[in-house]
Amino acid sequence: MAFLRKRPKAVVKAEDAVDAASDAAAGALTPSPNPATNLLIADIALRGGGALLKRAVEAGLLGATATSKGKAKAVVKGRSLGQSLVGTLIARVATRSVPGALLVGGGLLAKTLYDRKHGRAATEAGQAKLTKQAEKGRK
Numbered sequence: 025m026a027f028l029r030k031r032p033k034a035v036v037k038a039e040d041a042v043d044a045a046s047d048a049a050a051g052a053l054t055p056s057p058n059p060a061t062n063l064l065i066a067d068i069a070l071r072g073g074g075a076l077l078k079r080a081v082e083a084g085l086l087g088a089t090a091t092s093k094g095k096a097k098a099v100v101k102g103r104s105l106g107q108s109l110v111g112t113l114i115a116r117v118a119t120r121s122v123p124g125a126l127l128v129g130g131g132l133l134a135k136t137l138y139d140r141k142h143g144r145a146a147t148e149a150g151q152a153k154l155t156k157q158a159e160k161g162r163k
């Protein structure tokens, strides 16, 4: 039961000094002395950065297919609120649990296999949908 023994005062003072120096150093690296404000700033920065990265990846994937870069950006911009909400919901289900990830992954695999089986018709239907969405995004 050595952990129940009282620590010497010198050790306690040294730990307090280290804590104070650590707090001072951390305060110098943060925009606000209020930790709640710093948490809010970090949250906004991460969400904003994540949204920008998401758009760039989406446009890159669309640009890698048969669409131009301008059309890819217009497609991403022309997404409806419903499409965005469904995408967010599916991503949450996939990231919250292993069964959710299996369900979403299985669904995506099934859709991919279905599209491959119906090759040309799936390509034409997808291109038509993207063209309509790009027109909406250019407005």
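Heads up: the sequence shown is residues 25 to 163, going by the working numbering. Where is the CB? At the ideal position from N, CA and C, for every residue including glycine.
In summary, Ala-96 is buried, with 16 or more beta-carbon neighbours lying within 10 Å of its beta-carbon over all protein chains present. The closest CA to that of Ala-158, considering only Val-99, Ala-149 and Pro-57, is found on Val-99. Under the 10 Å beta carbon count, Leu-126 is surrounded by fewer than 16 other beta carbons and is classified as exposed.
Annotated three-state conformation of Lys-163 is coil, per DSSP.
With a cutoff of 9 Å on beta-carbon distance, Ser-56 and Ile-65 are scored as near each other. Close CB contacts of Asn-62 within its chain, under the 7 Å cut and outside five residues either way in sequence, are with Thr-54, Pro-55 and Ser-56 (chain order). Asp-139 sits away from Gly-131, with the two beta carbons spaced by 9 Å or more. Rounded to whole angstroms, the Cβ separation of Val-110 and Ala-118 is 13 Å, and the two are not in contact under 8 Å. Between the beta-carbon of Gly-143 and that of Gly-102 there is about 26 Å, and that puts the pair past the 8 Å contact cut. Distance between Thr-136 and Gly-72, taken at the CA atoms: about 30 Å. If you draw a straight line from the Cα of Lys-93 to the Cα of Gly-124, it comes to about 33 Å.
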